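J.: So that we are looking at the same thing, I have put the structure below in structure tokens.
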């Protein structure tokens, strides 16, 4: 049985007709359920988080109120006053300690200790005699407690043997003078706050159920401003939270923007969860309620499984039905196919015999009628073919005349021209091309074009864009002529688009640039010689000008000398750039690479550029280097020049009062390092961006310079096996990057 038979096609159609709607409806249903479940779950988590937040606030209010109540106890303030005045101090201290233990500490089981401090921060009475005598004058809770009721940040204080506790302090005020004479502190464990988060407190108060504990992965916890998980329910999920850092989306949003979050994100263990958060900005706390998406969306997973099973059963039933129907329909159609093959072999007397009493039988009858008419038309067609053959002979002669004209034009064009097909084989070439190849056309036609045209891999990739319809004008292409002669050429490739078949051929035009290259070389040598001879007198001029600044001159004379020095620096810089350009073009530009840490070079350049930045009212934003990145293998002086050029350009084109951001980091591939300089300047117009690294090019809003700096920078980076590029938007600034490989 062939796969393309009508029976198989009908079977596939029936399967698709049944399968596609079933799958569509199933997916739509599950998607709707998923959306509703997510909305309900998000609302439930928000409600739970808000409820826990309210209970946390109530708890904080209760421990504040408890401490304020203790501070208003007249016996405590009167006893402290006597102790401060040394009135029967030992007896008073004993009585006060007993009062704190029996009448105060017993009121709250989470209250592990009480201390009374004098105005100097010394503990004079406590529920634990080991605390008496300690000086807490420098602690935040003593300093805050002298002013008002104060709850300390969660710390591992060593008081009353409590490992994790809150310290709440309140001022003790003399009832007669109304002056603060000391501070009372209550030390509370986190047990009650843990019970609030776990729901245990609700159960203790008589609730029938609690939110936490019903789901295995549901967690409720609080983080502080140090992103530490410092309050969690008493469950087996976390044995010790003292070293657990939580740098998740809800914590970041709360601490940075005081923004509460609800949605899907990764938790502290990098597990995908759906959660909700509440911010407590006064204490820089974040209360988080979250549950793993795997558990939350378990009903959806089960729904998908049921849908897959049901779909499989449905497909089997549809397949059985389709086989029966397709066989019934395909048999008469097969007879029609067999008849068509017999008639195609020339037997126009053959007739098909189909008895189905439906449209297919009518089709068979029509097929037989068509065969009879075809036989009659065949004799008429033969006569017309003979007449048309005569017309085609006349048209062929006209085409040959046009071909002769085209060949004459092609022969007399001065530039080399050849035509290639989509497989890059040479089809046609003119006499000028044959002369440049210095070979007979018979040795060239049929060969691959890249056997004769040579270029860099990147230029080859650019050239191949002709197959997408682009006209390409390329530099640095060479012609390999006979006797291994290499000729520099100008190279243009133009695709020929046919109406029906699209692009199948292209025309290449090229001409010899040997003489032009010689002239360019002479110009470069002239620039090199001129620059070399200019640098010596310029150096002498600088020395003489600097000598003048050491003489006793008038203010106006000093200004003239300084302007001359500035102009001299620009001139000497230009001469050095021209020398480097001539060395590059002559292939004599040498690098002296060495292993180094690029951070050291960056720091040195930035230090030298700060004066220029301050002068232009520009702020340099430089990263703080910690652990050094891997070393690179580059020329120290040349890479310093590149960094200086990029920072100097950023300062030059940045608007006053703005900043230039310098960045240095490891590449995402871990095998390279990336340096970048970002400015908040005028940006680079899109239509000129492709020329930025060209020699002698300056943008329309260029200020000073010969347009050589970025050309030199590119050659230094590429010569160091690196890459250099930029991103820019006009009016919004530019960012220049370069990437260097890590030294192995």
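Numbering (the working numbering), first residue to last: 3 to 746.
We put the CB at the ideal spot given by N, CA and C, even for glycine.
Fair warning: this is a prediction, and the values are worked out from it, not measured in the lab.
#1: Note the first and the last residue of the continuous beta strand (DSSP E) segment covering residue 481.
#2: If you draw a straight line from the C-alpha of residue 139 to the C-alpha of residue 280, how long is it?
#3: Could you check the C-alpha separation between residue 250 and residue 270 for me, to the nearest Å?
#4: Specify the secondary structure class of residue 594 as computed by DSSP and reduced to three states.
#5: On the criterion of 16 or more Cβ atoms from any shown chain inside 10 Å, does residue 261 qualify as buried, or is it exposed?
#6: Looking at the structure shown, is residue 485 part of a helix, part of a strand, or coil, going by DSSP?
#7: Quick check on the DSSP output: the beta strand (DSSP E) that includes residue 448 runs from which residue to which?
#8: Which word fits residue 670, buried or exposed, when buried means at least 16 other C-beta atoms lie within 10 angstroms of its C-beta?
#9: Do residue 144 and residue 185 have their C-beta atoms within less than 7 Å of each other?
#10: Please report the distance separating the alpha-carbon of residue 466 from that of residue 593.
#11: Do residue 489 and residue 514 count as a contact pair if the criterion is CB distance below 7 Å?
#12: So residue 749 packs on residue 447, CB below 8 Å; how close in whole Å?
#13: In whole angstroms, what separates the C-alpha of residue 51 from that of residue 60?
#14: Drop a sphere of 10 angstroms on the beta-carbon of residue 18, count the other beta-carbons inside from all chains shown, and report buried for 16 or more, exposed for fewer.
#15: Answer yes if the region 709-719 comes into contact with the region 642-662, meaning at least three C-beta pairs across the two stretches below 8 Å, and no otherwise.
#16: Excluding the five sequence neighbours on either side, which residues of its own chain have a C-beta within less than 8 Å of the C-beta of residue 647, listed in chain order?
#17: Alpha carbon to alpha carbon, how far is residue 366 from residue 359?
#18: Taking the beta carbon of residue 346 as the centre, do at least 16 other beta carbons fall within 10 Å, making it buried, or is it exposed?
#19: Go through the region 605-649 residue by residue and report every complete run of the alpha helix (DSSP H) that reaches 4 residues or more, in order.
#20: Quick check: what's the CA-CA separation for residue 66 versus residue 131?
#21: For residue 73, does the count of other Cβ atoms within 10 angstroms reach 16, so buried, or fall short, so exposed?
#22: Within 7 Å (strictly less), CB to CB, does residue 687 reach chain C?
#23: Can you name, in chain order, every residue of its own chain whose Cβ lies under 6 Å from the Cβ of residue 344, other than the five neighbours on each side?
#24: Just the Cα atoms here: how many angstroms apart are residue 136 and residue 142?
#25: Starting from residue 670, follow the beta strand (DSSP E) in both directions and report where the run begins and ends.
#26: Can you tell me the Cα-Cα spacing of residue 599 and residue 266, whole angstroms?
#27: For residue 747, count neighbouring Cβ atoms within 10 angstroms of its own Cβ and tell me buried if that reaches 16, exposed if not.
#28: Reducing DSSP to helix, strand and coil, say where residue 292 ends up.
#29: Whole angstroms is fine: what's the gap from residue 609's alpha carbon to residue 474's?
#30: What does the alpha-carbon distance come out to for the pair residue 664 and residue 283?
#31: Please work out which residues of its chain come closer than 6 Å, Cβ to Cβ, to residue 497, disregarding the five sequence neighbours upstream and downstream, and give them in chain order.
#32: Rounding to the nearest angstrom, what Cα-Cα distance links residue 618 and residue 419 in this structure?
#33: Where does residue 514 sit, in a helix, a strand or coil, going by DSSP?
#34: Checking 7 Å against the spacing of the C-beta atoms, do residue 172 and residue 70 come in under that value?
#35: If you check the beta carbons only, do residue 115 and residue 161 fall under 7 Å apart?
#36: Please tell me whether, using a cut-off of 6 Å, the distance from the CB of residue 418 to the nearest non-hydrogen atom of the ligand SAM is below it.
T.: According to the data block:
#1: Per DSSP, residue 481 belongs to the beta strand (DSSP E) from 474-482.
#2: Taking the straight line joining both Cα atoms gives about 34 Å.
#3: Cα-Cα distance, rounded: 6 Å.
#4: Coil.
#5: Burial check for residue 261: the Cβ neighbour count within 10 Å stays below 16, so the residue is exposed.
#6: Three-state result, residue 485: helix.
#7: If you look at residue 448, you'll find it isn't in any beta strand (DSSP E); DSSP assigns it neither H nor E.
#8: With fewer than 16 Cβ atoms within 10 Å of its Cβ, residue 670 is classed as exposed.
#9: Cβ distance < 7 Å, so residue 144 and residue 185 count as in contact.
#10: Cα-Cα distance, rounded: 33 Å.
#11: Yes, Cβ-Cβ distance for residue 514 and residue 489 is below 7 Å.
#12: Past the edges of the chain, shown from 3 to 746, lies residue 749, and the structure says nothing about it.
#13: If you take the alpha carbons of residue 51 and residue 60, they lie about 14 Å apart.
#14: Classification of residue 18: exposed, given that the 10 Å Cβ count is below 16.
#15: Yes, the region 642-662 touches the region 709-719.
#16: The beta carbon of residue 647 sits closer than 8 Å to those of 711, 712, 714 and 715, all from its chain and outside the five residues before and after it, given in chain order.
#17: The alpha-carbon atoms of residue 366 and residue 359 are separated by roughly 11 Å.
#18: By the 10 Å Cβ count, residue 346 comes out exposed.
#19: Segments of the alpha helix (DSSP H) lying fully in the region 605-649: there are none.
#20: Residue 66 and residue 131: Cα-Cα distance of roughly 24 Å.
#21: By the neighbour-count rule (16 or more Cβ atoms within 10 Å), residue 73 is buried.
#22: Here chain C cannot be found, since the structure has a single protein chain.
#23: The beta carbon of residue 344 lies closer than 6 Å to those of 352 in the same chain, with the five residues before and after it left out.
#24: Inter-residue distance for residue 136 and residue 142 is about 15 Å (C-alpha atoms, whole angstroms).
#25: Counting along the chain, residue 670 falls outside any beta strand (DSSP E), and DSSP gives it neither H nor E.
#26: Distance between the alpha carbons of residue 599 and residue 266 is about 42 Å.
#27: Because the chain in this structure spans residues 3 to 746, residue 747 falls outside the shown range and cannot be described.
#28: Reduced to three states, the DSSP call for residue 292 is strand.
#29: When rounded, the distance between both Cα atoms is 46 Å.
#30: If you take the alpha carbons of residue 664 and residue 283, they lie about 34 Å apart.
#31: Scanning its chain for C-beta atoms nearer than 6 Å, with the 5 sequence neighbours on each side dropped, one finds around residue 497 the residues 468, 471, 505 and 508, in chain order.
#32: Here the alpha carbon of residue 618 sits roughly 56 Å from the alpha carbon of residue 419.
#33: In the structure shown, residue 514 sits in a strand (DSSP, three-state: E or B).
#34: Against a cut-off of 7 Å, the Cβ pair of residue 70 and residue 172 comes out as a contact.
#35: The Cβ atoms of residue 115 and residue 161 lie closer than 7 Å to each other.
#36: As presented, the structure is devoid of all ligands, the ligand SAM included, so that no description of it is given.
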